[in-house]
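Below is one structure; the comments refer to it alone.
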Amino acid sequence: MSVNREQILQTAREVLKSCSMALDETLSKPNEGKLITKPVNFSRGVTTRNDLEYLATMPASEVRNWLQGRFFIEISALPLDQKRSQLFVAAHIQGKTADPGQGTIWIEGQSNGRLEDEIIRGLAGKILGIDLSLKKRSASRRILNCEY
């Protein structure tokens, strides 16, 4: 993108704040161009397995009893030169399951890229001022269930 790193990070902070995704200040390194959110619980109950499988490939999903789903986002803006930067987004999807020996544990799944694509489209669209969303239902931009 023909946008500097500071502008990307500022826009990312604004979008995350409006979507109630808090930054993890201990893990984030803004001076290195890296923002990491605190975990966001997105599913609980009987739909958890389907919700997790929509966003990720979970290990042994068919034999586990998933209790809860959460994700956290890692956003990095890598400077290419003084005026251009590259945007990188990684989503870490986790499922909570009951383990007889250890109680409840969080297990990380392999993201399928849906959440990352949605976030990149949302951030790039806001930065560039164009609509890059796949769903053209309304004039507002969305990340999951959040309009910004």
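Once you know that position 124 of the sequence shown is 116 in the numbering used here, the rest is easy, because the numbers rise by one and skip nothing. Think of the CB as a built atom: it goes at the ideal place given N, C-alpha and C, for glycine as much as any other residue.
- Message: Extract the residue ranges of the alpha helix (DSSP H) inside the segment 101 to 126, only unbroken runs of 4 or more that lie entirely within it.
- Response: 106 to 120
- Query: Are GLN86 and GLY105 close, meaning C-beta to C-beta below 9 Å?
  - Reply: Residue mapping note: residue 86 aligns to position 94 of the sequence shown, counting from 1. Residue mapping note: residue 105 aligns to position 113 of the sequence shown, counting from 1. No.
- Item | Exposure of THR96, with buried meaning 16 or more beta-carbon neighbours within 10 Å | In the sequence shown, residue 96 corresponds to position 104, counting from 1. Flag for THR96 reads exposed.
- Item | DSSP beta-bridge partners of GLN60 | By one-based count along the sequence shown, residue 60 stands at place 68. Answer is ARG36 and LYS88, bridged to GLN60.
- Item | Assumed close pair ARG56, THR3 - CB separation to whole angstroms, cut-off 8 Å | In the sequence shown, counting from the first residue as 1, residue 56 sits at position 64. In the sequence shown, counting from the first residue as 1, residue 3 sits at position 11. ARG56 to THR3, Cβ: 37 Å. No contact.
- Output the boundary residues of the alpha helix (DSSP H) element that contains LEU1. Residue numbering aside, residue 1 sits at position 9 when the sequence shown is read from its first letter. Unbroken alpha helix (DSSP H) run through LEU1: -3 to 10.
- Item | Buried/exposed call for VAL38, threshold 16 Cβ in 10 Å | In the sequence shown, the residue the question calls residue 38 occupies position 46. Answer is exposed; the Cβ neighbour count stays below 16.
- Message: Just list the residues that DSSP pairs SER68 with in beta bridges.
- Response: Here residue 68 corresponds to residue number 76 of the sequence shown, with the count starting at 1. Looking at the DSSP output, SER68 sits in a beta bridge with LYS26 and PHE80.
- Message: Using only the alpha-carbon positions, how far apart do ASP123 and ASP109 sit?
- Response: As a position in the sequence shown, residue 123 is number 131, starting the count at 1. As a position in the sequence shown, residue 109 is number 117, starting the count at 1. Straight-line Cα distance between these residues: approximately 14 Å.
- Closest residue to LEU47 among LYS30, GLY25 and SER103 (Cα-Cα distance): Residue mapping note: residue 47 aligns to position 55 of the sequence shown, counting from 1. Ranking the options by Cα distance to LEU47, first place goes to SER103.
- Classify LEU115 as buried or exposed, calling it buried when 16 or more other Cβ atoms lie within 10 Å of its own Cβ. Counting from one through the sequence shown, the residue named residue 115 turns up at place 123. Classification of LEU115: buried, given that the 10 Å Cβ count is 16 or more.
- Helix, strand or coil for LEU19, going by three-state DSSP, please let me know. Here residue 19 refers to the residue found at position 27 when the sequence shown is read from its first residue. The answer is coil: DSSP assigns LEU19 none of H, G, I, E or B.
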